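Under the UniProt record's numbering, the very last position in the sequence shown is 565; numbers go up by exactly one each time. Every residue, glycine too, gets a C-beta built ideally from N, C-alpha and C. Keep in mind it's a predicted model, so treat the numbers as computed, not measured.
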Amino acid sequence: DLDRVWWKEAVVYQVYPRSFNDTDGDGLGDLAGVVERLDYLDDLGVDVVWLNPVYESPGVDNGYDIADYRAINEQFGSMADLDRLIEGLHDRDMKLIMDLVVNHTSDEHEWFRRSRAGDEDYRDYYWWVESEDEEGNPVPPNNWESFFGGPAWTYDEESGEWYLHIFDTRQPDLNWENPEVRREIKEMITWWLDKGIDGFRMDVINLLSKPEGLPDGTDPEAIVTGADQFVNGPRIHEFLGDVYDEVLAGRDVMTVGEMVDLTVQEAREFLYPEGDGMSMAFNFDHMRLDFGPNGRWDLDDWTLRELKATMSHWQYGLAGRGWNSLYLNNHDEPRMVSRFGDEAYREKSAKLLATLTHTMQGTPFIYQGEEIGMTNYPFESLDEVRDVDTIKNVEVLREEGTVTDDEEIMRLVRHRSRDNARTPMQWTAEEAHAGFTDGEPWIGVNPNYEEINVADARENSDSIWHYYRDLIEMRADEDVLLYGDYDLLLPSHEEIWAYTRTLADETALVVLNFSRGTPRFEPPEGLAGRDAELLIGNYAVPVESVEAFALRPWEARVYRLD
Ligand code: ISL
4 DLDRVWWKEA VVYQVYPRSF NDTDGDGLGD LAGVVERLDY LDDLGVDVVW
54 LNPVYESPGV DNGYDIADYR AINEQFGSMA DLDRLIEGLH DRDMKLIMDL
104 VVNHTSDEHE WFRRSRAGDE DYRDYYWWVE SEDEEGNPVP PNNWESFFGG
154 PAWTYDEESG EWYLHIFDTR QPDLNWENPE VRREIKEMIT WWLDKGIDGF
204 RMDVINLLSK PEGLPDGTDP EAIVTGADQF VNGPRIHEFL GDVYDEVLAG
254 RDVMTVGEMV DLTVQEAREF LYPEGDGMSM AFNFDHMRLD FGPNGRWDLD
304 DWTLRELKAT MSHWQYGLAG RGWNSLYLNN HDEPRMVSRF GDEAYREKSA
354 KLLATLTHTM QGTPFIYQGE EIGMTNYPFE SLDEVRDVDT IKNVEVLREE
404 GTVTDDEEIM RLVRHRSRDN ARTPMQWTAE EAHAGFTDGE PWIGVNPNYE
454 EINVADAREN SDSIWHYYRD LIEMRADEDV LLYGDYDLLL PSHEEIWAYT
504 RTLADETALV VLNFSRGTPR FEPPEGLAGR DAELLIGNYA VPVESVEAFA
554 LRPWEARVYR LD
């Protein structure tokens, strides 16, 4: 008796609309551009599209600064275009989830304009605090820092008070203590669901509850100062439980909460079936493995042993008590093949990483361009960077004297900038700007588009793109890959990641070589000698039974055992 649920069996494809496909020549992707590519997504075989924010916004943080939750940013098109997108997806048996950004709004949101102007009905929609030192000079109310660098507080001359923003100064935090805020948000969510969308990706959803008195952060290891106070704050489960009970319960929707600093134990409290009803969570543990001692803007090497340990911990920890999301990159992270794979073995390693995300237990998330093995961008100057997070954090590194050397800064940017993932989708080598736009793209197209592009990948039956299509089809057909238990083999092996998936009497075996070398795989007792069928692999291999064998560089194999 499997707990069969559609979102467990689905494969999600993330569309970053700004960089997907431009139909009106303004250099920015648009909704009509997504509609134009629906057959493309259908051919690939994905089930759900997650669309990054397309709401009315000044675009300080590429749409994560929302000025009107119920309007579409003109740059992306109109509400009619969005309706066409929903319809086009549903016609093809696909679903749409949208970004829900309710920790903060834009400073141009009507609520904030009124709040700032001192309108009594709106003042408490946000966090306003009066705070000065002994001489009467304004000082921030506490030591909290913004994720984008610098203090999480901005002083407003007009009212002589400070407002809170955990992200950019133009992204003020909503005050969830205020029942009016909660009512407005629940109404807005209902409005979107009534429109026919199938769920939400919930932006930084575990930051909503701030502790009374807004105390200083005290954990020096926190991801940013203050995170120990505002991550999973005191009323977080009350707030999310209420949204679930009043709005989501009884609707067949999928929700995925992006949660900063989440542990497995905490995750269970948010997730279906034990917690607040959320379908799944994005955790960041594996995204931290290459942070240096000074955090995200400090580079270190990750090791396979750590990656295995981290992701396996989530596999075991949520087994039967939640459901994993499986991702290795998104619009905030570098390209996975450049980070966890090997550009010198781009095709092999991209296929291997895809094998991993499609054969662990959980729902795979493909970030646009991943299916053709797009890579990081060769940034040479900060002029090529658009992202507020990179620009601000680099400023802070310079100011604080942590990193001052230009070459070192550019090395950091090439490894860490969110813009690595935000360059335009590479459709074809035949047209200018990789076929993304007829105008001037808002950010540079990776010059490698002549080699890496959708048109060529679809022509070549051995391409990464075809491998993704095969993986998606295979996973959908194999209950053992969807629902089977995960068991890690050889936990301390430094090059091989191997595991089994088991469901009643069915077993699948996955063997992945994360190296350029040719390590030998020795099957453990119980597996050795069993009849095997190769379900998929990134090299040709004749297989009849599970024997010891030497793997080739970045080789991936998935067997079904008899
Ligand atoms: O990008 C990051 C690297 O791990 C984080 O600092 C990121 O800002 C954090 O994960 C939250 O991300 C989400 O909310 C932000 C927005 O800028 C991101 O694009 C979004 O995914 C604020 O809304």
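Bounding residues of the beta strand (DSSP E) (the contiguous stretch that carries residue i)
i: residue 492; result: 488 to 492
i: residue 204; result: 202 to 205
i: residue 17; result: 15 to 18
i: residue 51; result: 51 to 54
i: residue 213; result: From DSSP, residue 213 is part of no beta strand (DSSP E); its letter is neither H nor E.
i: residue 561; result: 559 to 564
i: residue 72; result: 71 to 75
Identity of the residue in the options nearest residue i by Cα
i: residue 569; options: 562, 555, 542; result: Not covered by the structure: residue 569. The range shown for the chain is 4 to 565.
i: residue 339; options: 363, 376, 235, 275; result: 376
i: residue 150; options: 263, 324, 187; result: 263
i: residue 119; options: 448, 177, 341; result: 177
i: residue 557; options: 70, 494, 347, 419; result: 347
i: residue 489; options: 429, 430, 496, 360; result: 360
i: residue 287; options: 25, 78, 246, 329; result: 329
i: residue 254; options: 211, 122, 214, 197; result: 197
i: residue 483; options: 281, 504, 93; result: 504
i: residue 180; options: 153, 161, 128, 6; result: 128
i: residue 477; options: 6, 33, 10, 14; result: 14
i: residue 466; options: 419, 565, 540, 72; result: 540
i: residue 190; options: 73, 108, 275, 280; result: 73
i: residue 509; options: 499, 527, 486; result: 486
i: residue 139; options: 164, 115, 194, 230; result: 164
i: residue 5; options: 537, 553, 506; result: 506
i: residue 70; options: 37, 107, 34, 48; result: 107
Heavy atom of the ligand ISL within 7 Å of residue i beta-carbon
i: residue 421; result: yes
i: residue 64; result: yes
i: residue 233; result: no
i: residue 290; result: yes
i: residue 334; result: yes
i: residue 206; result: yes
i: residue 392; result: yes
i: residue 261; result: yes
i: residue 368; result: no
i: residue 58; result: no
i: residue 104; result: yes
i: residue 348; result: no
i: residue 166; result: no
i: residue 380; result: no
i: residue 67; result: yes
i: residue 203; result: no
i: residue 294; result: no
i: residue 115; result: no
i: residue 170; result: yes
i: residue 343; result: no
i: residue 517; result: no
i: residue 23; result: no
i: residue 287; result: yes
i: residue 242; result: no
N- and C-terminal bounds of the alpha helix (DSSP H) containing residue i
i: residue 392; result: 391 to 402
i: residue 362; result: 349 to 362
i: residue 182; result: 182 to 198
i: residue 46; result: 41 to 47
i: residue 12; result: 9 to 12
i: residue 314; result: 307 to 321
i: residue 384; result: No alpha helix (DSSP H) contains residue 384, which DSSP labels as neither H nor E.
i: residue 92; result: 82 to 94
Residues bridged to residue i [DSSP beta-bridge criterion]
i: residue 413; result: Residue 413 is not bridged to any residue.
i: residue 285; result: 261
i: residue 107; result: 176
i: residue 328; result: 366
i: residue 101; result: 54, 203
i: residue 548; result: 534
i: residue 524; result: 552
i: residue 540; result: 560
i: residue 158; result: 165
i: residue 294; result: 302
i: residue 516; result: 499
i: residue 504; result: 489, 511
i: residue 141; result: 135
i: residue 274; result: 281
i: residue 148; result: 154
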